[in-house]
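**Student:** Residue numbers (the working numbering): 6 to 297.
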């Protein structure tokens, strides 16, 4: 069994390793979202260029015709292609759900056409981000399982999709996408109904872009912490010699009081859940075997 000094060193080692890998992923994620919001802003400016700043919401609730119907059909084909070219079966299933939502919305109006254009860009960006996050989580679970057992994990995809706090990481990522899309639409509607300058709407959307990147960072760091603990749990459950685990907090100046208080807590391994160890966003706690 490791002593307390060795346990702390282990927690710091894992934390530094994870932070470096998370930072690398987040550089890519931020680039994806920067490109996404540039595209969204172009769509909104193009919308005002087509309809004019004095367009009313009643006008936008009329059904689309002609070229816009063709553009809608092409959008569906692009999304089907994205679905079919995505190797990951779980992400592919979520893309199919997105396609089903497009199909069942009744009359296609000008405002829905605008929202659909933005949503398509968001779906593409979310797919890129989701695959990047999945790669990170698979690596983390595999690493911690091997640290615990010395063996390769076989059920890694099922492990990363275990619901934590009631949902898995992919569901939360899509929830964030849908909430942000709804917020963008609200800002567009407010801008049209109040007659405000389109540039003010653009500023609101840019703020939403900053929030999207913040939410992505929180999700990446928290989900990776959950994956770290889940990988260890999966490993410990295969070892009859391990009956108890100890919670380890990193213990530096940014460690929260709650995590400091739990540091050194000993639990039966059967009672351990990842979302019972990682209690808050950016939590860096981990677990190790306890044989005392």
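Glycine included, every Cβ here is placed at the ideal spot set by N, Cα and C.
Which residue's Cα is closest to the Cα of residue 195: 224, 108, 45 and 60?
**Tutor:** One-based indexing of the chain shown puts residue 195 at position 190. Closest by alpha carbon: 60.
**Student:** Report the rounded CA-to-CA distance for residue 103 versus residue 261, giving the unit in angstroms.
**Tutor:** Start at 1 with the first residue of the chain shown, and residue 103 comes out as number 98. Start at 1 with the first residue of the chain shown, and residue 261 comes out as number 256. For residue 103 and residue 261, the distance between alpha carbons rounds to 39 Å.
**Student:** So, using beta-carbon positions, are residue 165 and residue 139 closer together than 8 Å?
**Tutor:** Walking along the chain shown from the start, residue 165 turns up at place 160. Walking along the chain shown from the start, residue 139 turns up at place 134. Yes. Within cutoff.
**Student:** Residue 163 to residue 231, Cα distance in whole Å?
**Tutor:** Residue 163 sits at position 158 when you count from the first residue of the chain shown. Residue 231 sits at position 226 when you count from the first residue of the chain shown. Cα to Cα, residue 163 sits roughly 14 Å from residue 231.
**Student:** When you compare only the Cα positions, how much space is there between residue 292 and residue 265?
**Tutor:** Position 287 of the chain shown, counting from 1, holds the residue named residue 292. Position 260 of the chain shown, counting from 1, holds the residue named residue 265. Cα to Cα, residue 292 sits roughly 14 Å from residue 265.
**Student:** Ends of the alpha helix (DSSP H) at residue 203?
**Tutor:** For the purposes of this step, residue 203 is identified with residue 198 of the chain shown, where counting begins at 1. Here the alpha helix (DSSP H) through residue 203 covers 203–241.
**Student:** Just to confirm before moving on: does the CB-CB distance between residue 143 and residue 37 stay below 8 Å?
**Tutor:** Here residue 143 refers to the residue found at position 138 of the chain shown. Here residue 37 refers to the residue found at position 32 of the chain shown. No, they are not a contact pair.
**Student:** Could you tell me which residues DSSP pairs with residue 273 in its beta bridges?
**Tutor:** As a working mapping, residue 273 is identified with position 268 in the chain shown. Residue 273 pairs with 249.
**Student:** Let me check understanding here. Comparing Cα to Cα, which of 153, 186 and 225 lies closest to residue 239?
**Tutor:** Along the chain shown, one-based indexing puts residue 239 at 234. Checked all of 153, 186 and 225; the closest Cα to residue 239 is 153.
**Student:** From the beta carbon of residue 45, is the nearest beta carbon of chain D less than 8 Å away?
**Tutor:** Considering every chain present, this structure includes no chain D. It has just one protein chain.
**Student:** Short of 7 Å in beta carbon distance, which residues of its chain neighbour residue 173, apart from the five on each side in sequence? Order them along the chain.
**Tutor:** Translated into positions along the chain shown, residue 173 becomes position 168. The answer, listed in chain order, is 166 and 167.
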